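In what follows, a single structure is set out as C-alpha coordinates and then discussed.
Residue numbers (full-length UniProt numbering): 1 to 351.
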(Lines of atoms letter the chains of each structure in order from A; the text may use other names.)
(Lines give C-alpha, C1' and ligand atoms only; values in the text may rest on other atoms or scores of the structure.)
Protein backbone atom coordinates (compact mmCIF):
# COMPACT_ATOMS: atom_id res chain seq x y z
CA UNK A 1 0.00 0.00 0.00
CA UNK A 2 1.41 3.30 -0.99
CA UNK A 3 2.28 5.56 1.90
CA UNK A 4 -0.33 8.29 2.26
CA UNK A 5 1.18 11.74 1.79
CA UNK A 6 0.80 14.23 4.64
CA UNK A 7 -1.30 17.34 3.96
CA UNK A 8 0.42 20.56 3.01
CA UNK A 9 -0.40 22.60 6.12
CA UNK A 10 1.15 25.78 4.76
CA UNK A 11 -1.01 25.61 1.64
CA UNK A 12 -4.09 25.00 3.76
CA UNK A 13 -3.22 27.98 5.96
CA UNK A 14 -2.76 30.25 2.92
CA UNK A 15 -6.04 29.02 1.48
CA UNK A 16 -7.77 29.71 4.81
CA UNK A 17 -6.39 33.26 4.93
CA UNK A 18 -7.45 33.85 1.33
CA UNK A 19 -10.97 32.59 1.98
CA UNK A 20 -11.17 34.72 5.12
CA UNK A 21 -10.13 37.86 3.26
CA UNK A 22 -12.63 37.17 0.47
CA UNK A 23 -15.41 36.62 3.01
CA UNK A 24 -14.55 39.76 5.01
CA UNK A 25 -14.22 41.80 1.84
CA UNK A 26 -17.62 40.65 0.57
CA UNK A 27 -19.31 41.39 3.89
CA UNK A 28 -17.63 44.81 4.11
CA UNK A 29 -18.69 45.83 0.61
CA UNK A 30 -22.26 44.67 1.25
CA UNK A 31 -22.55 46.50 4.58
CA UNK A 32 -21.00 49.62 3.06
CA UNK A 33 -23.53 49.72 0.23
CA UNK A 34 -26.41 49.09 2.63
CA UNK A 35 -25.28 51.77 5.10
CA UNK A 36 -24.75 54.55 2.54
CA UNK A 37 -28.48 55.44 2.19
CA UNK A 38 -28.64 55.65 5.99
CA UNK A 39 -25.46 57.61 6.68
CA UNK A 40 -25.62 60.20 3.89
CA UNK A 41 -28.84 61.94 5.06
CA UNK A 42 -27.38 62.37 8.55
CA UNK A 43 -24.18 63.74 7.06
CA UNK A 44 -26.21 66.18 4.96
CA UNK A 45 -28.19 67.21 8.05
CA UNK A 46 -24.98 67.95 9.93
CA UNK A 47 -23.58 69.86 6.95
CA UNK A 48 -26.68 72.05 6.61
CA UNK A 49 -26.62 72.83 10.33
CA UNK A 50 -23.16 74.41 10.15
CA UNK A 51 -23.35 76.14 6.75
CA UNK A 52 -25.52 78.74 5.04
CA UNK A 53 -27.97 77.73 2.32
CA UNK A 54 -26.84 78.85 -1.12
CA UNK A 55 -23.20 79.35 -0.17
CA UNK A 56 -20.40 77.57 -1.97
CA UNK A 57 -19.26 76.08 1.33
CA UNK A 58 -22.23 73.69 1.54
CA UNK A 59 -20.99 71.14 -0.99
CA UNK A 60 -17.36 71.62 0.01
CA UNK A 61 -18.12 70.82 3.64
CA UNK A 62 -20.36 67.91 2.66
CA UNK A 63 -17.84 66.17 0.42
CA UNK A 64 -14.92 66.85 2.74
CA UNK A 65 -16.90 65.44 5.65
CA UNK A 66 -17.86 62.44 3.50
CA UNK A 67 -14.21 61.86 2.69
CA UNK A 68 -13.29 62.10 6.36
CA UNK A 69 -16.00 59.58 7.27
CA UNK A 70 -14.70 57.26 4.54
CA UNK A 71 -11.15 57.47 5.91
CA UNK A 72 -12.36 56.74 9.45
CA UNK A 73 -14.47 53.87 8.14
CA UNK A 74 -11.46 52.30 6.46
CA UNK A 75 -9.17 52.86 9.45
CA UNK A 76 -11.54 51.67 12.18
CA UNK A 77 -13.71 49.02 10.53
CA UNK A 78 -12.29 47.72 7.26
CA UNK A 79 -8.55 47.51 7.88
CA UNK A 80 -8.25 46.26 11.51
CA UNK A 81 -9.48 42.69 10.76
CA UNK A 82 -6.87 42.45 8.01
CA UNK A 83 -4.01 43.81 10.14
CA UNK A 84 -1.65 41.87 12.38
CA UNK A 85 -2.65 41.95 16.04
CA UNK A 86 0.25 44.21 17.07
CA UNK A 87 -0.96 47.03 14.80
CA UNK A 88 -4.59 47.09 15.92
CA UNK A 89 -4.01 48.80 19.27
CA UNK A 90 -2.68 52.10 17.94
CA UNK A 91 -4.81 52.39 14.78
CA UNK A 92 -7.86 53.97 16.57
CA UNK A 93 -5.67 56.59 18.25
CA UNK A 94 -3.94 57.45 14.98
CA UNK A 95 -7.28 57.66 13.16
CA UNK A 96 -8.73 59.95 15.84
CA UNK A 97 -5.70 62.24 15.70
CA UNK A 98 -5.86 62.38 11.90
CA UNK A 99 -9.60 63.15 12.04
CA UNK A 100 -9.03 66.06 14.42
CA UNK A 101 -6.24 67.51 12.27
CA UNK A 102 -8.15 67.15 8.98
CA UNK A 103 -11.33 68.61 10.49
CA UNK A 104 -9.44 71.58 11.91
CA UNK A 105 -7.64 72.33 8.66
CA UNK A 106 -10.24 71.63 5.97
CA UNK A 107 -13.75 71.68 7.50
CA UNK A 108 -13.97 74.04 10.48
CA UNK A 109 -12.85 77.17 8.54
CA UNK A 110 -15.91 76.76 6.28
CA UNK A 111 -18.49 76.25 9.03
CA UNK A 112 -20.54 78.55 11.25
CA UNK A 113 -22.57 78.22 14.44
CA UNK A 114 -24.94 80.99 13.41
CA UNK A 115 -27.72 78.47 12.73
CA UNK A 116 -27.69 77.47 16.41
CA UNK A 117 -28.21 81.02 17.67
CA UNK A 118 -31.78 80.15 18.71
CA UNK A 119 -30.24 78.26 21.65
CA UNK A 120 -29.17 81.49 23.34
CA UNK A 121 -31.38 83.99 21.48
CA UNK A 122 -35.12 83.13 21.64
CA UNK A 123 -35.91 86.11 19.40
CA UNK A 124 -34.67 84.10 16.40
CA UNK A 125 -37.47 81.56 16.68
CA UNK A 126 -39.96 84.31 17.55
CA UNK A 127 -39.05 86.18 14.36
CA UNK A 128 -39.37 82.98 12.35
CA UNK A 129 -42.72 82.27 13.94
CA UNK A 130 -43.87 85.80 13.17
CA UNK A 131 -44.26 84.82 9.52
CA UNK A 132 -47.22 82.62 10.47
CA UNK A 133 -50.56 83.31 12.09
CA UNK A 134 -51.59 79.63 12.06
CA UNK A 135 -49.12 78.39 14.66
CA UNK A 136 -49.58 79.14 18.32
CA UNK A 137 -46.81 80.49 20.48
CA UNK A 138 -43.89 78.08 20.52
CA UNK A 139 -42.03 77.46 23.77
CA UNK A 140 -38.27 77.70 23.90
CA UNK A 141 -36.30 74.70 22.75
CA UNK A 142 -35.04 74.26 26.32
CA UNK A 143 -38.63 73.87 27.53
CA UNK A 144 -39.34 71.28 24.83
CA UNK A 145 -36.14 69.42 25.66
CA UNK A 146 -37.00 69.42 29.37
CA UNK A 147 -40.45 68.00 28.59
CA UNK A 148 -38.88 65.28 26.44
CA UNK A 149 -36.41 64.32 29.17
CA UNK A 150 -39.22 64.25 31.73
CA UNK A 151 -41.39 62.08 29.50
CA UNK A 152 -38.69 59.63 28.42
CA UNK A 153 -37.01 59.45 31.83
CA UNK A 154 -40.22 58.87 33.78
CA UNK A 155 -41.39 56.27 31.29
CA UNK A 156 -38.06 54.44 31.51
CA UNK A 157 -38.16 54.38 35.31
CA UNK A 158 -41.73 53.06 35.38
CA UNK A 159 -40.94 50.39 32.79
CA UNK A 160 -37.89 49.10 34.68
CA UNK A 161 -39.68 49.16 38.05
CA UNK A 162 -42.66 47.17 36.77
CA UNK A 163 -41.12 44.96 34.08
CA UNK A 164 -38.24 43.64 36.20
CA UNK A 165 -40.32 41.83 38.87
CA UNK A 166 -42.85 40.72 36.24
CA UNK A 167 -40.13 39.18 34.07
CA UNK A 168 -38.53 37.56 37.11
CA UNK A 169 -41.85 36.01 38.15
CA UNK A 170 -42.48 34.60 34.66
CA UNK A 171 -38.96 33.19 34.54
CA UNK A 172 -38.52 31.84 38.08
CA UNK A 173 -41.87 31.27 39.77
CA UNK A 174 -44.06 28.27 39.00
CA UNK A 175 -47.76 29.12 39.10
CA UNK A 176 -50.87 28.05 37.25
CA UNK A 177 -51.40 29.94 34.01
CA UNK A 178 -47.81 31.11 33.61
CA UNK A 179 -47.52 29.92 30.01
CA UNK A 180 -50.91 31.38 29.14
CA UNK A 181 -49.86 34.70 30.65
CA UNK A 182 -46.61 34.65 28.68
CA UNK A 183 -48.48 34.02 25.43
CA UNK A 184 -50.90 36.81 26.30
CA UNK A 185 -48.02 39.25 26.81
CA UNK A 186 -46.56 38.19 23.46
CA UNK A 187 -49.94 38.82 21.82
CA UNK A 188 -50.13 42.28 23.40
CA UNK A 189 -46.69 43.09 22.02
CA UNK A 190 -47.78 42.03 18.52
CA UNK A 191 -51.01 44.05 18.63
CA UNK A 192 -50.95 47.19 16.39
CA UNK A 193 -50.99 50.10 18.84
CA UNK A 194 -52.18 52.56 16.19
CA UNK A 195 -55.59 50.89 16.35
CA UNK A 196 -55.92 52.12 19.94
CA UNK A 197 -55.33 55.81 19.26
CA UNK A 198 -58.97 56.94 19.31
CA UNK A 199 -59.85 54.76 22.30
CA UNK A 200 -56.85 56.04 24.26
CA UNK A 201 -57.75 59.65 23.42
CA UNK A 202 -61.32 59.20 24.71
CA UNK A 203 -60.17 57.36 27.84
CA UNK A 204 -57.54 60.01 28.59
CA UNK A 205 -60.21 62.70 28.24
CA UNK A 206 -62.56 61.02 30.73
CA UNK A 207 -59.71 60.37 33.18
CA UNK A 208 -58.55 63.99 33.07
CA UNK A 209 -55.15 63.02 31.63
CA UNK A 210 -55.54 64.82 28.31
CA UNK A 211 -52.94 67.52 27.65
CA UNK A 212 -50.72 66.09 30.38
CA UNK A 213 -47.19 64.70 30.24
CA UNK A 214 -48.25 62.18 32.88
CA UNK A 215 -51.02 60.91 30.60
CA UNK A 216 -48.57 60.31 27.75
CA UNK A 217 -46.15 58.60 30.16
CA UNK A 218 -48.84 56.20 31.37
CA UNK A 219 -49.94 55.38 27.83
CA UNK A 220 -46.42 54.74 26.54
CA UNK A 221 -45.53 52.72 29.64
CA UNK A 222 -48.54 50.48 29.09
CA UNK A 223 -47.74 50.00 25.41
CA UNK A 224 -44.03 49.29 25.96
CA UNK A 225 -44.40 47.05 29.01
CA UNK A 226 -44.96 43.74 27.08
CA UNK A 227 -41.77 44.24 25.06
CA UNK A 228 -39.72 45.01 28.17
CA UNK A 229 -41.10 41.98 30.04
CA UNK A 230 -40.36 39.60 27.16
CA UNK A 231 -36.80 40.86 26.73
CA UNK A 232 -35.98 40.83 30.45
CA UNK A 233 -37.45 37.34 30.79
CA UNK A 234 -34.87 36.02 28.33
CA UNK A 235 -32.10 37.52 30.47
CA UNK A 236 -33.51 35.99 33.66
CA UNK A 237 -33.86 32.63 31.86
CA UNK A 238 -30.14 32.74 31.07
CA UNK A 239 -29.12 33.12 34.74
CA UNK A 240 -28.34 29.65 36.19
CA UNK A 241 -30.87 28.58 38.80
CA UNK A 242 -28.08 27.10 40.94
CA UNK A 243 -26.60 30.55 41.63
CA UNK A 244 -29.80 31.81 43.19
CA UNK A 245 -30.44 28.61 45.12
CA UNK A 246 -26.90 28.67 46.51
CA UNK A 247 -27.55 32.12 47.94
CA UNK A 248 -30.82 30.93 49.50
CA UNK A 249 -29.06 27.88 50.95
CA UNK A 250 -26.45 30.17 52.51
CA UNK A 251 -29.18 32.00 54.42
CA UNK A 252 -30.25 34.77 52.06
CA UNK A 253 -33.94 35.49 51.64
CA UNK A 254 -35.55 35.24 48.24
CA UNK A 255 -35.58 39.04 48.01
CA UNK A 256 -31.88 39.25 48.94
CA UNK A 257 -31.01 36.59 46.37
CA UNK A 258 -32.98 38.48 43.74
CA UNK A 259 -31.44 41.85 44.60
CA UNK A 260 -27.85 40.84 45.33
CA UNK A 261 -27.33 37.82 43.07
CA UNK A 262 -29.76 37.77 40.16
CA UNK A 263 -30.05 41.48 39.33
CA UNK A 264 -26.28 42.00 38.86
CA UNK A 265 -26.34 39.11 36.38
CA UNK A 266 -28.93 40.89 34.21
CA UNK A 267 -27.59 44.44 34.56
CA UNK A 268 -26.73 44.50 30.86
CA UNK A 269 -30.30 43.60 30.00
CA UNK A 270 -31.66 46.31 32.29
CA UNK A 271 -29.44 48.93 30.65
CA UNK A 272 -30.39 47.74 27.16
CA UNK A 273 -34.13 47.74 27.89
CA UNK A 274 -33.83 51.11 29.60
CA UNK A 275 -32.04 52.49 26.55
CA UNK A 276 -34.66 51.25 24.09
CA UNK A 277 -37.44 52.53 26.34
CA UNK A 278 -35.86 55.98 26.67
CA UNK A 279 -35.36 56.25 22.92
CA UNK A 280 -38.96 55.17 22.34
CA UNK A 281 -40.19 57.94 24.61
CA UNK A 282 -37.79 60.52 23.17
CA UNK A 283 -38.83 59.77 19.58
CA UNK A 284 -42.57 59.34 20.21
CA UNK A 285 -44.69 61.44 17.88
CA UNK A 286 -48.14 59.88 17.37
CA UNK A 287 -49.37 59.89 20.96
CA UNK A 288 -47.78 63.20 21.93
CA UNK A 289 -49.54 64.75 18.93
CA UNK A 290 -52.82 63.12 19.96
CA UNK A 291 -52.73 63.77 23.71
CA UNK A 292 -50.73 67.00 24.10
CA UNK A 293 -52.81 69.93 22.86
CA UNK A 294 -51.24 72.90 24.63
CA UNK A 295 -47.93 74.11 23.18
CA UNK A 296 -46.58 74.60 26.71
CA UNK A 297 -46.29 70.79 26.92
CA UNK A 298 -44.51 70.49 23.59
CA UNK A 299 -41.74 67.88 23.36
CA UNK A 300 -38.78 67.80 20.98
CA UNK A 301 -40.42 65.64 18.31
CA UNK A 302 -43.31 68.11 18.07
CA UNK A 303 -40.94 71.07 18.21
CA UNK A 304 -38.96 69.75 15.25
CA UNK A 305 -42.20 69.15 13.35
CA UNK A 306 -43.44 72.72 13.85
CA UNK A 307 -40.08 74.26 12.96
CA UNK A 308 -40.12 72.37 9.65
CA UNK A 309 -43.55 73.67 8.63
CA UNK A 310 -43.85 75.92 5.57
CA UNK A 311 -45.85 78.32 7.73
CA UNK A 312 -42.74 78.86 9.83
CA UNK A 313 -40.73 79.88 6.77
CA UNK A 314 -39.11 76.44 6.39
CA UNK A 315 -35.53 77.65 6.87
CA UNK A 316 -33.46 74.54 5.96
CA UNK A 317 -30.50 75.58 8.09
CA UNK A 318 -32.71 76.22 11.12
CA UNK A 319 -34.44 72.86 10.62
CA UNK A 320 -31.08 71.09 10.34
CA UNK A 321 -29.73 72.77 13.48
CA UNK A 322 -32.86 71.78 15.41
CA UNK A 323 -32.52 68.23 14.09
CA UNK A 324 -28.92 68.02 15.29
CA UNK A 325 -29.94 69.17 18.78
CA UNK A 326 -32.72 66.58 18.70
CA UNK A 327 -30.25 63.81 17.82
CA UNK A 328 -27.51 64.65 20.33
CA UNK A 329 -29.09 62.84 23.35
CA UNK A 330 -29.76 59.81 21.14
CA UNK A 331 -26.14 59.63 19.99
CA UNK A 332 -24.80 60.15 23.52
CA UNK A 333 -27.04 57.42 24.90
CA UNK A 334 -26.05 55.02 22.13
CA UNK A 335 -22.33 55.60 22.72
CA UNK A 336 -22.85 54.83 26.41
CA UNK A 337 -25.03 51.74 25.94
CA UNK A 338 -23.81 50.22 22.67
CA UNK A 339 -22.03 47.26 24.29
CA UNK A 340 -25.20 46.39 26.20
CA UNK A 341 -27.47 46.71 23.16
CA UNK A 342 -25.56 43.95 21.39
CA UNK A 343 -26.38 41.56 24.24
CA UNK A 344 -30.09 41.52 23.44
CA UNK A 345 -31.11 38.28 21.79
CA UNK A 346 -34.40 36.50 21.91
CA UNK A 347 -32.44 33.40 22.75
CA UNK A 348 -30.84 34.88 25.87
CA UNK A 349 -27.51 36.55 26.65
CA UNK A 350 -24.84 36.23 24.06
CA UNK A 351 -21.31 35.68 25.23
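We put the beta carbon where it would ideally sit given N, CA and C, even for glycine. Just so you know, these numbers come straight off a predicted model, no measurement behind them.
*So what's residue 267 in DSSP terms, helix, strand or just coil?*
Walking along the chain shown from the start, residue 267 turns up at place 267. Correct three-state label for residue 267: helix.
*Which of the three DSSP states, helix, strand or coil, is assigned to residue 134?*
Residue mapping note: residue 134 aligns to position 134 of the chain shown, counting from 1. With a pLDDT of only 46 at residue 134, under 50, the local geometry of the prediction cannot be trusted, and no value is derived from it.
*Got a sec, what are the start and stop residues for the alpha helix (DSSP H) residue 215 sits in?*
Translated into the one-based positions of the chain shown, residue 215 becomes position 215. 213-238 is the extent of the alpha helix (DSSP H) around residue 215.
*For residue 274, I'd like the list of residues in its chain whose CB is within less than 6 Å of its CB, leaving aside the five on either flank, ordered along the chain.*
On the chain shown, position 274 is the one that residue 274 refers to. For residue 274, where only same-chain residues beyond five positions count, the Cβ hits under 6 Å are 156, 160.
*Compare the Cα-Cα distances from residue 235 to each of 86, 88, 171 and report the closest residue.*
Residue 235 sits at position 235 when you count from the first residue of the chain shown. Selected option, being the one with the closest Cα: 171.
_In this structure, how does DSSP classify residue 55 when only helix, strand and coil are distinguished?_
Counting from 1 along the chain shown, the entry for residue 55 is found at position 55. If DSSP states are grouped into helix, strand and coil, residue 55 belongs with coil.
*First and last residue of the alpha helix (DSSP H) that includes residue 363?*
This structure cannot speak to residue 363, because the chain is shown only from 1 to 351.
_Check whether residue 323 and residue 119 have beta carbons under 7 Å apart_ = One-based indexing of the chain shown puts residue 323 at position 323. One-based indexing of the chain shown puts residue 119 at position 119. No; because the gap between Cβ atoms is not below 7 Å, this pair is not in contact.
*asked:* Please tell me whether residue 48 and residue 240 are closer than 7 Å, where the distance is taken between their beta carbons.
replied: Sequence index remark: in the chain shown, residue 48 carries index 48 (1-based). Sequence index remark: in the chain shown, residue 240 carries index 240 (1-based). Not in contact: residue 48 and residue 240 (Cβ atoms no closer than 7 Å).
*Measure the CB-CB distance between residue 152 and residue 306 and report whether it falls below 7 Å.*
The residue labelled residue 152 in the question sits at position 152 within the chain shown. The residue labelled residue 306 in the question sits at position 306 within the chain shown. Not in contact: residue 152 and residue 306 (Cβ atoms no closer than 7 Å).
_residue 18 to residue 28 span [Cα, whole Å]_ = Numbered from 1 along the chain shown, position 18 holds the residue referred to as residue 18. Numbered from 1 along the chain shown, position 28 holds the residue referred to as residue 28. Going by the C-alpha atoms only, they are around 15 Å apart.
*Label residue 278 either buried or exposed according to how many other C-beta atoms from any shown protein chain fall within 10 Å of its C-beta, with 16 as the threshold for buried.*
The residue given as residue 278 occupies position 278 in the chain shown. Under this definition residue 278 is a buried residue.
*Pick from 62, 83, 67: whose alpha carbon is nearest that of residue 20?*
The residue you call residue 20 lines up with position 20 of the chain shown. Selected option, being the one with the closest Cα: 83.
*In or out: residue 246 buried (at least 16 other Cβ within 10 Å) or exposed?*
Within the chain shown, the letter at position 246 stands for residue 246. Per the 10 Å Cβ criterion, exposed.
*Three-state secondary structure assigned by DSSP to residue 293*: As a working note, residue 293 is residue 293 in the chain shown. Note: residue 293 maps to coil in three-state DSSP.
*Give the range of the alpha helix (DSSP H) segment to which residue 164 is assigned.*
Within the chain shown, residue 164 is the residue found at index 164, counting from 1. It spans 141-172 - the alpha helix (DSSP H) in which residue 164 sits, taken as one unbroken run.
*Could you work out which residue in 141, 265, 267 is closest to residue 301 when comparing CA atoms only?*
Counting from one through the chain shown, the residue named residue 301 turns up at place 301. For the residues 141, 265, 267, the minimum Cα distance to residue 301 belongs to 141.
*Could you tell me whether the segment 263-272 touches the segment 106-116, using the rule of 3 or more Cβ pairs below 8 Å?*
no
*Thinking C-beta only, is residue 33 closer than 7 Å to residue 65?*
Here residue 65 is taken as the residue at index 65 of the chain shown, counted from 1. Here residue 33 is taken as the residue at index 33 of the chain shown, counted from 1. Going by C-beta atoms, residue 65 is not nearer than 7 Å to residue 33.
*For residue 204, which residues from the same chain have a beta carbon less than 6 Å from its beta carbon, with the 5 sequence-adjacent residues on both sides left out?*
Reading the chain shown from its first residue, position 204 is the one you call residue 204. Result list for residue 204: 210, 215, 291, in chain order.
*residue 121 by DSSP, collapsed to three states: which one?*
Reading the chain shown from its first residue, position 121 is the one you call residue 121. Three-state result, residue 121: coil.
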